Every structure is written in structure tokens, then in C-alpha cells.
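Q: To get the working numbering, take the position in the sequence shown, counting from 1, and add 7.
Don't be surprised by glycine CBs; every beta carbon is placed ideally from N, CA and C.
Predicted model, so just to flag it, every value in this text is computed and none were measured.
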Amino acid sequence: MAQSGVSSADLLRSIFVRFQPAPHNLLQILHAVQACFGYLPEDALDALGEHLKMSRAQISSVAEFYAFFHLKPHGKYRVLFSNNITDRMQGSAVLRDELCHALWVEQDKVSEDGLVSVGLTSCIGMSDQGPAMLVNGLPITRLESARIDTIAERIRNRDPMENWPHEWFRVDNKIYRRDWLLNTPLPPGAALSTLLTRGEDASLIELKTSGLRGRGGAGFPTADKWSACRSASGEAHYVVCNADEGEPGTFKDRVLLTDHADLIFEGMTACARLIGAQRGFLYLRAEYRYLLDSLDAVLQRRRESNLLGTGILGHARFDFDIEIHLGAGAYVCGEESALLESLEGKRGIPRIRPPFPVQRGYLGQPTVVNNVETFAAAGKIMLEGSGTFSALGTPQSRGTKLLSVSGDCAYPGLYEYPFGTSIRQILHDCGASDTQAVQIGGAAGLCLSSHEFDRCLGYEDAPSAGAFMIFNRNRDMFEMARNFAHFFAHESCGFCTPCRVGTTLLRDLMDKIHAGRGSPTDLAQIEQIEAILKNTSHCGLGQSAYHPISDTLTKFRSAYDTKLVHTNFSPAFDLDAALATARQMTGRDDIHAHLKEPT
Ligand code: SF4
């Protein structure tokens, strides 16, 4: 927040000098301005436009795209409840109502005295210790009624957050099963030394032999991606680590970034050596902003140890450094081309491909984008070689996979399993009983019912980017699907009509059924929208947004049928009511100006 006695202009000047005046720094400058003023004031955006030689419209359109930028004041205390289905299963909706009541504030509105606002946000990556919330960007986990009362009291008393109990902000990283990746820590620099001794060509062959595939879900062979980037021509090559872990129910990257940051940076630096990059970025989701200082400290330590910077480990022409860029609350930026747009300071709208990032990525130059777990695994393969890794898993899915286990089980936390492990085994290990379903891979993943629990983790059977949400037989699977329908409608970037409109219609139809106004005709409409989304959406978000509904409709049909009390169709959208403004403007309210007779 702005300090008293210092003019806004001086504050802005002090921010601007910290960043090169280039449009690709826009997001990072917006973060700095918002941290200073609490929101993005109009005059600050005007000054920023002059500084970056960008129009005010360009800057505003970027700021408006991201959920965590605010063009209006949103309260001294900004409370955002994580709205993942696991948070809701743990009672987050009741706690949110309690807090609103205690603070006399309506959800999504700023209190009259400008003190506080309470709202919802997509999963904040704390499903293993929910219900959770962010207060001014800092996570508070394990919420319960007594803590909500105390939080309300501290807010009412305008108690600075530095005075709040440190215990509230504790984030536990419980690892219940370690395997190849997590069982022995990597001494910093060991993988790079081995790579330099082995040689670049041989190291790339080692990566290829390992069979490592991208851990972000698509499973593209990592060595093929790095080789393609290495041979692509450009003025510069870049390495980008996708730490925008936005898939609901996933928190494995949080644990790696907290406890194994060296391994991630080692993998990125190895990649830089193999593709000839001198600059890398870690794109950190805004919800993990609390990790920024510790990650910066690791980077600084690596610079001081000659593991980053110029002449790494004494090798001439081995220059590489890593910057951390903060996202700003947009799930779609987990898609690699949208992430690159965001890294360039733009709206995170997925690019048309080809060209692929390995050909034209960051600033149009060849770029490798991999996620946190992939770089960590690549770093370890550089040290150990391919042998142990490739002996684990299945022929199509080598090695191990990290799973973020949450929901109805005794031991929610992180688990590392070799690919090929059955769902049943994982449920047994985490103390799940009476399970009716597992949502594996996040909102767009697979919903497995109990007769599928012998299926196995793997790209060829049950793929997962890392989420493993468990639902016992008391849970309403319709509610799970409805929660994800809301998630996709909220996170659609709005670029293409099928997704922008289709996800909204799916959400509204699910709400209509939930409200007891649904009919079989609504289910037929849902199926029509699914086909449109699947076949005409621009990116994977729209193409897979129907998954949770179609899976639950197929496997848990009774959860829908019990809510279909009407046999006659009633529209979800009241067109006549929507025309009220037009009637007002034309001064007409006679019967012919209505689609139906006024009641
Ligand atoms: Fe954006 Fe959805 Fe279109 Fe993807 S499918 S580009 S998220 S509107």
C-alpha cells in the first residue's frame, strides 16, 4: 500500500525504474503498482501507458483479463475463499456465509467503509488442507468456525496482517509416499556436473532413452521437444517452467517448489545447456505468491554457487539465468501458448498452432515449455542416467508420477507412484473407504467409478496431470459436475464463441437442474452443447469442459434423474425479462411489447 507523505507520481517513478520499459514487462509492473496502491488507479494506468508507449485501452484490456488485478478498490482486506469441490465438501460455503455475516458484507461487494471484500476464487492449490482462503494473497488453511470468528474480529479491528498468528499461514507439505523422484535429495550442481562430463549429445540421448514424457498431461516426449528446440533457428532460445498449477485439486508443484526448488532449477539449467538458452523463466501462479521470496533466495544461492549466471561451473559459454514471473489468476495460462502470451505481458489467450513454441515461443524465439515435475525429473535423469527411471512404470509410461490426493480419505497429501499402479492400491494407501468415485486429472480429467478402480495410472489407461480427488458414497456426484461447470464458465478466456457461450450455458443448465427446474430436455441440450464444445473450441479448455458432466451423466445418471422433477421443458433464460430495458428505453409496456403476458 502507498506510504503517506510520498506522492503517487514518485511511487510510480520508483516502480518504473525497476523494470525495463518493455511491453512484455506489463504484468510484472501491474503487480508492482497494485502492491503499492492496493488496486490499479486510472492515473497510474495512464502513466504506465506513457512509460511503455502503449494505449490505455491496451493496458486496461490486459488488466481486466486477469482475476487478480483490480481496477477499483477492493478493500483493505481482500478475502477469497477457494471454491474447489473439495473445499466445498469441507464446508467452505458455510464458513464464507459466516464471515460475510460477521463482517456485515455481501459476497463480491466491498463493505461500505471500504474495509473488506469477500469473494470466491478457483482452487488455490490447498486441497489437502482445506477449506482454504487467500487474504491479501496469503493462504490460510484448515479453516473452521472459530478461526473465521477470530479473522472477522481482526479485520474489524483493522489489525495488520503481520500481527496475525503465524500458525494460520502455515502450509503443510505432507508426503506420504516417496519413490524415485523424492526419495533422495539432489546435491545442487551434481546433475549439471554430470551433464558437462557426459557431453550434450550423450545427455540428450540419455533423456531420450529414459522415455520421460511431459508430466503436464499431454505426455509429449521431453527429449523430442528439447531436440526440436535445439535445432530450431532463432536469435535466442528460452527455457520456461510452467508453474501455473491451476488444475483443481492439484498441489504437487507447490510441494516441489517448496522442498525441491534446486531440482527444478537444475533441470531448467540442464535444458538451457542442451538447447543453447541463456535466459529462463519460472511462471509462478499468483496463488503461490507466498513462495516468491524463498524461490528467489534459492536462485540467489545458485548464482553465488556459480550454478547460474556467467560461466556456470567454470565452463566458458555456459551462461544462463532464471527470472520468476508472477501470473495473475487465469487458469487458461496453464496452456503453454497462453502462458507465453502472458509472459509477454498480454492477455493469456492460447495461440493458433503451428508454429509450436519450440519453433516460435517467447518473443517469437524457440522455447521449451515444460512443467515443474518434468524439469525436476529431467534434472534427476541428468544425474543418474536413464536406467532406474526407465525400469519403473509401463512401456508407454516410464518412471513415476506425483499425485495430489484429496477429498474423502484419511491421509490427504502427496504420493509418488510408479506408473502402472492401480487406482485401488492408491485408495487403499491413502485410507479411503466406501469410495464411489475418483476424479483423476482435475476438472477436465476422468471420473472413475468403483468398477473401474482396477485401472492403472498411465498415459495409456488412466492419465493424470496430478490431481486425485476422492468422493465417498455420501457425495452427490451431480454437485461435483456442477462445481466444475462453474469453474469452466469462470475460467473460459472468452476468445472463441463456442467456449465462451457453451460453458456459460452448461453452467446455467446445471444450476437449473440443481434448482429443481430441470427436465429431460435439458439433458438433451447439455449433450448438444457438449458436441459443439468438443468439436469447435479453440483450445483444450473448451474441448474438455464437458468431461465432468458427460462422465457423471454416464456413470452416475441417478444423481441427475432424482433432480429431474419436471417432464415439461422450461427455459433457463427468461428472454422476456431480459427485454425489460429495451421496453423502458422505447417507453412501451403494452402486451405487444412482451413475449408473454405480464403477470
Ligand atoms: Fe479461450 Fe475457451 Fe476458446 Fe480456449 S476454448 S481459447 S479458453 S474461449
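Kindly indicate which residue of V40, T374 and I92 has the alpha-carbon position closest to the one of H244.
A: Start at 1 with the first residue of the sequence shown, and residue 244 comes out as number 237. With distances taken between Cα atoms, H244 lies closest to T374.
Q: Per DSSP, which one or two residues make a beta bridge with E113?
A: Counting from one through the sequence shown, the residue named residue 113 turns up at place 106. For E113, which the question treats as bridged, DSSP gives no partner whatsoever.
Q: Give me the Cα-Cα distance between D461 and I430, rounded to the nearest whole angstrom.
A: Here residue 461 corresponds to residue number 454 of the sequence shown, with the count starting at 1. Here residue 430 corresponds to residue number 423 of the sequence shown, with the count starting at 1. About 6 Å.
Q: Taking the alpha-carbon of P194 as reference, which of N479, Y466 and L270 has the nearest alpha-carbon?
A: By 1-based counting over the sequence shown, the position of residue 194 is 187. Selected option, being the one with the closest Cα: L270.
Q: Which residues does DSSP list as the beta-bridge partners of V376?
A: Position 369 of the sequence shown, counted from the first residue, corresponds to residue 376. Per DSSP, V247.
Q: Got a sec? Which residues, its chain only, sit under 6 Å from H77 by beta carbon, not counting five neighbours each side?
A: As a working mapping, residue 77 is identified with position 70 in the sequence shown. These residues qualify, in order along the chain: Y46.
Q: Are the beta-carbon atoms belonging to R40 and L87 less than 9 Å from one another?
A: Taking the first residue of the sequence shown as position 1, residue 40 is located at position 33. Taking the first residue of the sequence shown as position 1, residue 87 is located at position 80. First, the residue type needs correcting, since residue 40 is Val and not Arg in the sequence shown. No. Outside cutoff.
Q: Opposite C340 in the DSSP bridges: which residues?
A: As a first step, residue 340 must be located in the sequence shown, where it is residue number 333. In DSSP, C340 forms no bridge with anything.
Q: Any heavy atom of the ligand SF4 closer than 8 Å to the beta-carbon of C107?
A: Here the question's residue 107 lines up with position 100 in the sequence shown. Incorrect: C107 has no Cβ contact closer than 8 Å to the ligand SF4.
Q: Return helix, strand or coil for C454, following the three-state DSSP convention.
A: Indexing the sequence shown from 1 puts residue 454 at position 447. Three-state result, C454: strand.
Q: To the nearest angstrom, how far is it from the Cα of F363 to the Cα of L586?
A: As a position in the sequence shown, residue 363 is number 356, starting the count at 1. As a position in the sequence shown, residue 586 is number 579, starting the count at 1. C-alpha separation (whole angstroms): 45 Å.
Q: At which residue ranges does the region 399–439 contain complete beta strand (DSSP E) runs of 3 or more residues, listed in the order of the chain?
A: If we require 3 residues or more, the beta strand (DSSP E) runs fully inside the region 399–439 come out as 407–414 and 420–425.
Q: Counting along the chain, where does the alpha helix (DSSP H) carrying E351 start and finish?
A: Counting from 1 along the sequence shown, the entry for residue 351 is found at position 344. Premise fails: E351 is in no alpha helix (DSSP H) and is neither H nor E.
Q: Can you have a look at M592 and say buried or exposed, based on whether 16 or more other CB atoms are within 10 angstroms of its CB?
A: Position 585 of the sequence shown, counted from the first residue, corresponds to residue 592. Its Cβ having fewer than 16 others within 10 Å, M592 is exposed.
Q: Roughly how many angstroms lie between the CA atoms of W171 and T157, to the nearest whole one?
A: On the sequence shown, residue 171 is found 164 positions in, with the first residue counted as 1. On the sequence shown, residue 157 is found 150 positions in, with the first residue counted as 1. Using only the alpha carbons, I get a separation of about 10 Å.
Q: Start and end of the beta strand (DSSP E) containing S124?
A: Against the sequence shown, residue 124 aligns to sequence position 117. Per DSSP, S124 belongs to the beta strand (DSSP E) from V123 to T128.
Q: Between the Cα of C390 and the Cα atoms of S217, V376 and G283, which residue gives the shortest distance?
A: Stepping through the sequence shown from its first residue, residue 390 is reached at position 383. Note that residue 390 is Leu in the sequence shown here, rather than Cys. Nearest option by C-alpha distance: S217.
Q: Could you compute how far the alpha carbon of R184 sits from the alpha carbon of A250?
A: Taking the first residue of the sequence shown as 1, we reach residue 184 at position 177. Taking the first residue of the sequence shown as 1, we reach residue 250 at position 243. Approximately 22 Å between the Cα atoms of the pair.
Q: Would you say S499 touches the ligand SF4, meaning its beta carbon is less than 8 Å from a heavy atom?
A: Sequence index remark: in the sequence shown, residue 499 carries index 492 (1-based). Yes - the ligand SF4 has a heavy atom lying nearer than 8 Å to the Cβ of S499.
Q: Tell me whether C463 sits in a helix, a strand or coil according to DSSP, three-state version.
A: Here the question's residue 463 lines up with position 456 in the sequence shown. Strand.
Q: Report the partner residues of S89 according to the DSSP bridge assignment.
A: For this step, residue 89 is matched to residue 82 along the sequence shown. In the DSSP output, where bridge partners are listed per residue, S89 has T128.
Q: When you compare the CB positions of I356 and V339, do they come within less than 9 Å of one another, or not?
A: As a working mapping, residue 356 is identified with position 349 in the sequence shown. As a working mapping, residue 339 is identified with position 332 in the sequence shown. Contact: yes.
Q: Can you look up Y369 in the DSSP assignment and give me helix, strand or coil?
A: Position 362 of the sequence shown, counted from the first residue, corresponds to residue 369. Looking at Y369 - three-state DSSP - the assignment turns out to be helix.
Q: Return the chain-ordered ranges of every alpha helix (DSSP H) run that is complete within the region 560–600 and spans a minimum of 4 residues.
A: For the region 560–600, whole alpha helix (DSSP H) runs of length 4 or above, ordered along the chain, are 564–568, 582–585 and 587–593.
Q: Go ahead and label Q27 buried or exposed: buried means 16 or more other beta carbons lie within 10 angstroms of its beta carbon, across all protein chains shown.
A: Reading the sequence shown from its first residue, position 20 is the one you call residue 27. Exposed is the call here.
Q: Looking at the unbroken beta strand (DSSP E) that takes in H332, where does it start and where does it end?
A: Residue 332 sits at position 325 when you count from the first residue of the sequence shown. Counting along the chain, the beta strand (DSSP E) containing H332 begins and ends at D328 to L333.
Q: For the ligand SF4, I want to know if P505 counts as a neighbour, meaning its beta carbon is within less than 8 Å of at least one of the ligand's heavy atoms.
A: Stepping through the sequence shown from its first residue, residue 505 is reached at position 498. Because some heavy atom of the ligand SF4 lies under 8 Å away, the Cβ of P505 counts as near it: yes.
Q: Identify, in the order they occur along the chain, each residue of the same chain with its Cβ nearer than 7 Å to the Cβ of H81, setting aside the five sequence neighbours on each side.
A: The residue given as residue 81 occupies position 74 in the sequence shown. Closer than 7 Å at Cβ, skipping near neighbours: Y46, V117 and S124.
Q: Assuming C437 contacts Y424 (C-beta within less than 8 Å), just tell me the rounded distance between them.
A: Numbered from 1 along the sequence shown, position 430 holds the residue referred to as residue 437. Numbered from 1 along the sequence shown, position 417 holds the residue referred to as residue 424. Their Cβ separation, rounded to whole angstroms, is 11 Å, which puts C437 and Y424 out of contact at 8 Å.
Q: Does DSSP classify I477 as helix, strand or coil?
A: Indexing the sequence shown from 1 puts residue 477 at position 470. If DSSP states are grouped into helix, strand and coil, I477 belongs with the strands.
Q: Alpha carbons only, please: which of D483, D17 and N378 is nearest the one belonging to L219?
A: Taking the first residue of the sequence shown as 1, we reach residue 219 at position 212. Minimum Cα distance to L219 is reached at N378.
Q: Taking 8 Å as the cut-off, is the C-beta of H545 nearer than that to any heavy atom in the ligand COA?
A: As far as ligands go, the structure on display features the ligand SF4 and does not contain the ligand COA.
Q: Do you know offhand how far A464's Cα is from P228's?
A: Here residue 464 refers to the residue found at position 457 when the sequence shown is read from its first residue. Here residue 228 refers to the residue found at position 221 when the sequence shown is read from its first residue. What sits at residue 464 in the sequence shown is Leu, not Ala. Answer to the nearest angstrom: the Cα atoms are 17 Å apart.
Q: Decide if R309 is buried, meaning its Cβ has at least 16 other Cβ atoms within 10 Å, or exposed.
A: Translated into positions along the sequence shown, residue 309 becomes position 302. So R309 ends up on the buried side.
Q: Name the DSSP beta bridge partners of M140, please?
A: Stepping through the sequence shown from its first residue, residue 140 is reached at position 133. DSSP lists F88 and I147 as partners of M140.
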